[in-house]
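These notes concern the structure reproduced below.
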Amino acid sequence: MGLRIHFVVDPHGWCCMGLIVFVWSYNMVLLPKVVLFPHYEEGHIPGILIIVFYSISICCLISLVRASITDPGRLPENPKIPHGEREFWELCNKCNLMRPKRSHHCSRCGHCVRRMDHHCPWINNCVGEDNHWLFLQLCFYTELLTCYALTFTFCHSYYFLPLKKRNMDLFVTRHELALVRVSAFMGITMLVGITGLFYTQLIGIITDTTSIEKMSNCCEEISRPRKPWQQTFSEVFGTRWKILWFIPFRQRQPLRVPYHFANHV
């Protein structure tokens with residue numbers, strides 16, 4: 001989709017991402033099998049709710065895969081520095097290469113990343129200028145999918161009418177209570193973790209500050225030009241059309257902004 005493929009060789013990251021894929025797959029199989037389709041067949045819920053569930057699930061998976069394999073903004077070994085922007089570049093003291101200000105050297109990946117926010121083991125990749133928007137979409141759709149699944153799990157246990165047609169020969173039917181409880185535990189754990197992460201990401205974009213800059217306290221409010229939140233979000237997502245901020249299978253085009261605004265610290 002117009003983005004460079006990027007893989008990080010990190011067994012720890014592979015395990016974390018594998019765990020996320022397992023949780024997603026578990027609920028993608030269990031929830032429709034135990035809750036959605038049986039209640040739809042007995043007329044308790046409309047079919048549109050199943051379509052919404054699968055739509056959110058697909059967007060969540062696409063965001064995860066693209067955030068994981070998209071180049072976050074890795075700097076080449078011999079970058080071409082525009083003549084009028086030399087004052088906004090600096091020398092990295094780890095790889096001895098020139099880089100734009102607000103870039104950071106990732107010790108796990110071994111290279112500098114433009115406007116790096118942090119290295120996330122859950123996607124086995126850095127979160128930088130070119131894939132930050134995908135990471136935000138992943139947080140959004142994960143939270144939305146988790147709330148959706150927890151709501152149906154709760155309704156299945158306490159609100160919906162009991163199912164009349166139950167095939168007790170199926171494994172999921174015989175062990176339904178245990179499987180649903182495992183799903184609910186996964187959902188609550190995921191919701192608590194992703195809510196905190198999503199909140200810090202949103203605050204960081206609104207204040208135009210990366211996680212690394214917050215930890216190093218290198219950004220002073222007096223020296224930073226203030227920008228409206230629409231501008232900061234538009235720069236991250238690469239478009240001013242807000243409806244496109246929610247579409248994970250598009251190509252991001254960086255906005256043309258004054259260089260001192262994009263790199264001033």
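UniProt numbering puts the first residue of the sequence shown at 1, with every later residue one more than the last. For every residue, glycine included, the Cβ atom is placed at its ideal position computed from N, Cα and C.
Residue i (DSSP reduced to helix, strand or coil)
{"i": "H83", "result": "helix"}
{"i": "W89", "result": "strand"}
{"i": "C112", "result": "strand"}
{"i": "H44", "result": "coil"}
{"i": "residue 291", "result": "Lying outside 1 to 265, the shown extent of the chain, residue 291 is not represented and no answer is given."}
{"i": "C95", "result": "coil"}
{"i": "E77", "result": "coil"}
First and last residue of the uninterrupted alpha helix (DSSP H) at residue i
{"i": "P162", "result": "From DSSP, P162 is part of no alpha helix (DSSP H); its letter is neither H nor E."}
{"i": "C15", "result": "P11 to L31"}
{"i": "H39", "result": "F37 to E41"}
Residues bridged to residue i (per DSSP)
{"i": "N5", "result": "Before going further, note that residue 5 is Ile rather than Asn in the sequence given. Beta-bridge pairing links I5 to T70."}
{"i": "C60", "result": "None; C60 has no bridge partner."}
{"i": "C106", "result": "H111"}
{"i": "C126", "result": "H119"}
Endpoints, the beta strand (DSSP E) within which residue i is located
{"i": "P100", "result": "M98 to P100"}
Cutoff 7 Å: residue i Cβ touching any chain C Cβ
{"i": "L179", "result": "Protein chain content of the structure displayed is limited to a single chain, and chain C is not contained in it."}
Counting pairs of Cβ atoms below 8 Å between the stretch 104–116 and the stretch 35–52, do you hit three or more? no
At 4 residues or longer, what runs of the alpha helix (DSSP H) sit wholly inside the stretch 178–259? 211–216 and 229–237
Touch check for the stretch 58–75 and the stretch 129–141: three-plus C-beta pairs under 8 Å? yes
Okay, do the stretch 23–36 and the stretch 144–157 touch, 3+ Cβ pairs below 8 Å being the bar? yes
Does the stretch 151–164 touch the stretch 80–88, meaning 3 or more C-beta pairs lie closer than 8 Å? no
Any contact between the stretch 196–216 and the stretch 114–121? By contact I mean 3 or more CB pairs, one from each, below 8 Å. yes
With a cut-off of 8 Å, do at least 3 Cβ pairs link the stretch 232–244 to the stretch 177–190? no
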